[in-house]
Amino acid sequence: MLINRFFDKRGQVASGVSWMAATLVIIAILSISIFAASLMSKTKVVGYSETERQEDVVAVRSIFSYFVLEDSGLKSNLLEAMREKDSEGNYYLDFDVEFNEINEVMQGS
Amino acid sequence: MKVISEKKGEEKMMSVYWFVMIVIIAGAVVAMVSMFYGNPYDVREVEANLMINKFSGCVSDSGELDKRFLNNSELKENVSLEETCGFDFSGSSSNMGNERSEYYLEGKFYDFSSGKSLENYSAGSRSFKAQCRTQNETQEYDRLVRCVNRSIYVGKNSDSAYEVNVLSVVSKSKENVN
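The listed protein sequences derive, respectively, from chains A and B. Counting from 0, one number per residue, gives the positions in the first sequence under numbering that gives the first Met the number 0. Counting from 0, one number per residue, gives the positions in the second sequence under numbering that gives the first Met the number 0.
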């Protein structure tokens, strides 16, 4: 009878320890999640340049200025300068595609 | 009888334990959601680019310099960007007791062929310009202002053009950074 009671207690202690461990694991997971949420909340930056876009006013207006000019030397210098700016990330679309599209329209008109 | 009462006590203990766990998990979920959605989105780069777009539309009339910037085929000495381009920089914050605008916009005109600096039109709080220079050096300045620098080309006539370097700065750190 006494031996039976002793083994009962040991079982209770073992189950208590496993519940405590489980509780600690749950609290650890929640703490990591809260920390991750606080880190993610600091990265809420809406970028303009990273978004792929169909239209870029700055690029289109600059390309139009190319067609205003008549001096061929100045025109080629301007195109070169615009391509250089494009490589520096000044325009937020595919500059050559946009230039060719506008060029086709201008040649047609 | 004793075994039954012990079982009942254990069940009570377990239900209290589960109740506490549910409260902790629910509290953590609420904390995570409020932490993430409580922080504002930083849209200052978008705002600064929209200002540049508006300025580009104002300064370039189908690729040619808008007439409002010209005086006898030369650049005007003073142009109010608020009046000419319709900007409203009135959204203000208090800085050491002085009200100041949360924006700064500057358009520097250069002769495209010679690279010679010509006119410089600006509006808003000029003090932000200095913060842009050090923006990349420390994160603190990154929180204070967001600067965007872009170039636009405009034709003056058929044989000359301008390069306009546009600097657009938006502060509004209270609204965009926690």
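Just so it is clear, CB atoms sit at the ideal spot from N, CA and C, and this is done for glycine as well.
| field | Interface flag, residue 123 of chain B vs chain A, CB-CB below 8 Å | value | So, not an interface residue.
| So who's on the other strand from residue 110 of chain B, going by DSSP bridges? | B:161
| request: Determine, using beta carbons only, whether residue 68 of chain A comes closer than 8 Å to chain B. | output: Closer than 8 Å to some Cβ of chain B, the Cβ of residue 68 of chain A qualifies, so yes.
| message | Quick check: is any heavy atom of the ligand FAD less than 7 Å from the C-beta of residue 85 of chain A? | response | This structure lacks the ligand FAD, and indeed carries no ligand of any kind.
| request: Would you please state the rounded distance, in angstroms, between the beta carbons of residue 31 of chain B and residue 32 of chain A? I believe it to be under 8 Å. | output: 6 Å
| request: Determine the contact status of residue 123 of chain B and residue 163 of chain B, defining contact as a CB-CB distance below 8 Å. | output: no
| CB contact check: residue 107 of chain A to chain B, cutoff 8 Å | no
| query | According to DSSP, which residues form a beta bridge with residue 25 of chain A? | reply | Listed as beta-bridge partners of residue 25 of chain A by DSSP are no residues whatsoever.
| What whole-angstrom Cβ distance do residue 62 of chain B and residue 67 of chain A have, given they're in contact under 8 Å? | 4 Å
| Would the stretch 12-31 of chain B and the stretch 143-152 of chain B be scored as touching if the rule is three or more Cβ pairs under 8 Å? | They do not touch, by the three-pair rule.
| message | Quick check on DSSP: helix, strand or coil for residue 46 of chain A? | response | Looking at residue 46 of chain A - three-state DSSP - the assignment turns out to be coil, as it is neither helix nor strand.
| field | Beta-carbon proximity check, residue 41 of chain B vs residue 176 of chain B, cutoff 8 Å | value | Taking 8 Å as the Cβ cut-off, residue 41 of chain B and residue 176 of chain B qualify as a contacting pair.
| request: Could you list which residues in chain A have their beta carbon closer than 7 Å to that of residue 48 of chain B, in chain order? | output: One finds 47 in chain A with Cβ atoms closer than 7 Å to the Cβ of residue 48 of chain B, taken in chain order.
| field | Cβ neighbours of residue 112 of chain B in the same chain (closer than 8 Å, five flanking residues each side left out) | value | 159 and 160
| So the beta strand (DSSP E) residue 154 of chain B belongs to, where does it begin and stop? | 145-156
| Are the beta-carbon atoms belonging to residue 74 of chain B and residue 104 of chain B less than 8 Å from one another? | no
| query | Does any CB atom of chain B fall closer than 8 Å to the CB of residue 92 of chain A? | reply | no
| said: Distance cutoff 8 Å, beta carbons only. Does residue 61 of chain B sit that close to anything in chain A? | reply: It does: the Cβ of residue 61 of chain B has a partner Cβ on chain A nearer than 8 Å.
| task | Determine, using beta carbons only, whether residue 57 of chain A and residue 151 of chain B come nearer to each other than 8 Å. | result | For the 8 Å CB-CB criterion, residue 57 of chain A and residue 151 of chain B form a contact.
| task | Within 10 angstroms of the Cβ of residue 51 of chain B, are there 16 or more other Cβ atoms? Answer buried if so, exposed if not. | result | buried
| task | Give a yes or no on whether 8 Å exceeds the smallest Cβ distance from residue 29 of chain A to chain B. | result | Interface annotation, residue 29 of chain A: in contact with chain B, CB-CB separation under 8 Å.
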